[in-house]
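Asks:
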């Protein structure tokens, strides 16, 4: 009993010591953060004064000498805060842009061998402040070689903000040279965020479709989902008709022509709806919702007894949307149990949704 009490006492002392260590650490962190915030505000004001002086020299066509000795990564935070204060409530002019470009170029030279996180933040600043020059463009393209999805994402986002179509296309072509697969959602999202002319961007992407990898193609097709321009539809229809197209590309094209109807795509979608490949049949059945008609209904009715549930479900959902209950009597009275059940379910679901929204 005496030994047990001593062991409990030792544990209690250790626990108290641990709590004291936590208290000391929290106190240290609180003091350190307060000190950093106080110093940060002072350094931002000092940096702001330097930026104003440099801006005045640039406007006077004088040479600017930057004072960047003893560079640390926190300098980027200070510069960002100070430059935002300088640009606030100020009409953007060439001298302000020139100052930002010159500073960013200097930081690029100093950050060549820095950690990835520092480079990522510098890439972010390039896009945020819309700074563009040959040196900055080369830095962004070089950063694509870093095997980091986060870095490549930041590069594409910054390029989208710079709104340089040729530079953006060059970046996509460079991504295609790497062995690692490209994230298709990253491509489609950054294309959607492009701040330049989407019409001119679409023209460039249509040319790129002939030579890029399937990963890039998937991202571009997804970007085109809401684009019904004749040139886009013609190009994607040509790819859709190509028997050598990759399976994933075909599936993405089915979804495109499901959202952007084109009468020329109907026979191709019907052919895929009757395919033995269940993915083709399921996706095309959903896309045919945009192509009502007897030919479409006849093809979908053939697949209601398919062994794959996804095929049956999508066919029934589309039939429920493009046909009336009377036009589906042959299915509802069919001896096929699978066809009757899935068709009844789709019709009942449609009627329930209609009642709820009426």
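Residue numbers (the working numbering): 26 to 383. Glycine is no exception: its CB is placed at the ideal position from the N, C-alpha and C atoms. Only a predicted model underlies this, so the values are computations on that prediction, with no experimental measurement involved.
Report the residue ranges of all alpha helix (DSSP H) runs contained in full by the region 196 to 250; include only those spanning at least 4 residues, in chain order.
Replies: Counting whole runs of 4 or more residues, the region 196 to 250 contains the alpha helix (DSSP H) stretches 209 to 217, 223 to 233, 239 to 248.
Asks: If you draw a straight line from the alpha carbon of residue 347 to that of residue 314, how long is it in whole angstroms?
Replies: For the purposes of this step, residue 347 is taken as the residue at position 322 of the chain shown. For the purposes of this step, residue 314 is taken as the residue at position 289 of the chain shown. Going from the Cα of residue 347 to the Cα of residue 314 covers about 7 angstroms.
Asks: Comparing alpha-carbon positions, which option in 320, 325, 319 lies nearest residue 308?
Replies: In the chain shown, the residue the question calls residue 308 occupies position 283. Looking at the Cα atoms, 325 is the closest of the given residues.
Asks: Give the C-beta separation of residue 207 and residue 246 to the nearest angstrom, bearing in mind that I take them to be a contact with Cβ-Cβ under 8 angstroms.
Replies: Locating residue 207 in the chain shown gives position 182, where the first residue counts as 1. Locating residue 246 in the chain shown gives position 221, where the first residue counts as 1. 14 angstroms between Cβ atoms; not a contact.
Asks: Within 10 angstroms of its Cβ, does residue 351 collect 16 or more other Cβ (buried), or is it exposed?
Replies: Translated into positions along the chain shown, residue 351 becomes position 326. By the 10 Å Cβ count, residue 351 comes out exposed.
Asks: Please report the straight-line C-alpha distance between residue 239 and residue 274, rounded to a whole angstrom.
Replies: Position 214 of the chain shown, counting from 1, holds the residue named residue 239. Position 249 of the chain shown, counting from 1, holds the residue named residue 274. Spanning the two alpha carbons is a distance of roughly 7 angstroms.
Asks: Would you call the region 34 to 53 and the region 68 to 88 touching, i.e. three or more CB-CB distances under 8 angstroms?
Replies: The region 34 to 53 vs the region 68 to 88: no contact.
Asks: State the DSSP-derived secondary structure class of residue 316, mapped to helix, strand or coil.
Replies: Position 291 of the chain shown, counted from the start, is the residue given in the question as residue 316. Of the three classes helix, strand and coil, the one that applies to residue 316 here is coil, per DSSP.
Asks: Would the beta-carbon of residue 295 fall within 8 angstroms of that of residue 266?
Replies: Walking along the chain shown from the start, residue 295 turns up at place 270. Walking along the chain shown from the start, residue 266 turns up at place 241. No. Outside cutoff.
Asks: Might you give, ordered along the chain, the residues of its own chain that have their beta carbon closer than 8 angstroms to the beta carbon of residue 211, omitting 5 neighbours on each side?
Replies: Taking the chain shown and counting its residues from 1, the one referred to as residue 211 is at position 186. Excluding sequence neighbours, residue 211 sits near 174, 177, 178, 181, 244.
Asks: Alpha carbons only, please: which of 68, 342, 263, 139 is nearest the one belonging to residue 103?
Replies: Stepping through the chain shown from its first residue, residue 103 is reached at position 78. Nearest C-alpha to residue 103: 68.
Asks: Do the region 195 to 202 and the region 144 to 157 touch if we need at least three Cβ pairs shorter than 8 angstroms?
Replies: With a cut-off of 8 angstroms, the region 144 to 157 and the region 195 to 202 do not count as touching, because too few Cβ pairs lie within range.
Asks: Under DSSP, the alpha helix (DSSP H) around residue 100 begins and ends at which residues?
Replies: Against the chain shown, residue 100 aligns to sequence position 75. It spans 99 to 112 - the alpha helix (DSSP H) in which residue 100 sits, taken as one unbroken run.
Asks: Would you kindly work out how many angstroms separate the C-alpha atoms of residue 165 and residue 148, rounded to a whole number?
Replies: For the purposes of this step, residue 165 is taken as residue 140 along the chain shown, with counting starting at 1. For the purposes of this step, residue 148 is taken as residue 123 along the chain shown, with counting starting at 1. Answer to the nearest angstrom: the Cα atoms are 7 angstroms apart.
Asks: Suppose the cutoff is 7 angstroms on Cβ atoms and the five residues either side in sequence are ignored; what does the same chain contact list for residue 162 look like?
Replies: As a working note, residue 162 is residue 137 in the chain shown. Correct list, in chain order: 192.
Asks: Quick check: the Cα distance between residue 15 and residue 262, rounded to an integer number of angstroms?
Replies: Residue 15 cannot be examined here, being either before or after the span of the chain that is shown, 26 to 383.
Asks: Would you kindly work out how many angstroms separate the C-alpha atoms of residue 320 and residue 374, rounded to a whole number?
Replies: By one-based count along the chain shown, residue 320 stands at place 295. By one-based count along the chain shown, residue 374 stands at place 349. If you take the alpha carbons of residue 320 and residue 374, they lie about 24 angstroms apart.
Asks: Rounding to the nearest angstrom, what Cα-Cα distance links residue 333 and residue 306 in this structure?
Replies: Residue 333 sits at position 308 when you count from the first residue of the chain shown. Residue 306 sits at position 281 when you count from the first residue of the chain shown. Spanning the two alpha carbons is a distance of roughly 10 angstroms.
Asks: For residue 299, does the three-state DSSP call read helix, strand or coil?
Replies: On the chain shown, residue 299 is found 274 positions in, with the first residue counted as 1. DSSP places residue 299 in coil when its eight states are reduced to three.
Asks: Pick out whichever of 199, 223, 71, 209 has its Cα sitting closest to the Cα of residue 186.
Replies: Within the chain shown, the letter at position 161 stands for residue 186. Selected option, being the one with the closest Cα: 223.
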